[in-house]
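Quick notes on the structure that follows.
2 protein chains.
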Amino acid sequence: MLITIDYQDKRPIYEQITEKIKNLIVVGVLTENDKIPSVRNMAIEMSINPNTIQRAYQELERDGYIYTVKGRGNFVSPVTEWKEDRLTDGLNRFGELAVELCQLGATKETLYKRVDEALVSERG
Amino acid sequence: MLITIDYQDKRPIYEQITEKIKNLIVVGVLTENDKIPSVRNMAIEMSINPNTIQRAYQELERDGYIYTVKGRGNFVSPVTEWKEDRLTDGLNRFGELAVELCQLGATKETLYKRVDEALVSERG
DNA sequence: TAAGTGTACTAGATGTTCTAGTACACTTAT
DNA sequence: ATAAGTGTACTAGAACATCTAGTACACTTA
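Note that the protein sequences, when read in sequence, are chains F and Y. The numbers in our numbering rise by one with no breaks, and the one at position 84 of the first sequence is 84. The numbers in our numbering rise by one with no breaks, and the one at position 13 of the second sequence is 1013.
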């Protein structure tokens, strides 16, 4: 089972699916040109309607994370398709979050430490 | 007009209201014991149903940002009520975001720089 | 007493989400 | 050629959250 759905989560199913697959791609579990499960297979495996899977896949394609070949299936896109956007968005959120944390009294050292820890965990 | 609603935003109205008021409190525009507009006034001013405002205020009270006095109105809570939780949650998100940004190739210097900028903008 | 306040409740409209079913075009393997 | 597997498109309806509308009651203050 590649993905699990949290039915307590108030977000719609298709959104949970897109988010989790995006993460699998960003982390590197799924890499360029990997085939992801077909709409029907994923639907059966997760006991979810195929239309819901289809919608999730459409969003993934729209955002550049996968590409679709009719009759063959869905495949993971090259990193270049999404890396830039994700980095830009992430840095913006990072900056905004840093401002708020400073307003809440977080020290420079605290934030630096978190960054250092992130660098370590990323190497491992 | 204290708050404006973005009807293009897919999030529900009551959620937008709670988020914006939270920000006003965190930033310091609204401070301890300030009275916020009554359910009815806010509803008229924003051309929104009073029930929607009420729901937003209930969430704000549940999260500790305001307190309610029957017959008098709603007032901003002391910072101590929400500061700790918000700092903890924020630092967690900060750490997770840092990990992802590192995986995307962000350098230590880039993230440090964003933190420094945040410290500067917070002083101003 | 009157005005303003929070709170609770019912009822209904609206939009999104999800399911169900069907159909068609394409690719691959046999 | 045929069958199986694939993506895609469409209609229909159920289920749910959101929002509006209206009413009512208890409380506080002037």
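In this text, a Cβ means the ideal position worked out from N, Cα and C, and glycines have one as well. All values reported here derive from a predicted model rather than from experimental measurement.
Shown here, I1021(Y) sits in a helix according to DSSP, grouped into three states. Contacts with chain Y (Cβ-Cβ distance below 7 Å) from the segment 85-102 of chain F involve R86, L87, G90, L91, R93, F94, G95, L97, A98, V99, E100, L101, C102, listed in chain order. N33(F) carries a coil assignment under DSSP once its states are collapsed to helix, strand and coil.
Taking CB atoms only, A1118(Y) has a neighbour in chain F less than 7 Å away. By the beta-carbon neighbour count (other beta carbons within 10 angstroms, threshold 16), M1042(Y) is buried. I1021(Y) counts as buried, since at least 16 other C-beta atoms from the protein chains shown sit within 10 angstroms of its C-beta. The three-state reading of DSSP puts T1068(Y) in strand, counting E and B together. For N1092(Y), the enclosing alpha helix (DSSP H) covers residues 1083-1103. With a 10 Å radius around the Cβ and a threshold of 16 neighbouring Cβ atoms, R86(F) comes out buried.
At a Cβ-Cβ threshold of 7 Å, R114(F) and A1098(Y) count as neighbours. Annotation: Cβ neighbours of R114(F) in chain Y (cutoff 8 Å, chain order): L1091, F1094, G1095, A1098. Residue pairing by DSSP places V76(F) opposite I66(F) in a beta bridge. Chain-order list of chain Y residues neighbouring A56(F): empty, with the shortest C-beta distance near 16 Å, by a criterion of under 8 Å.
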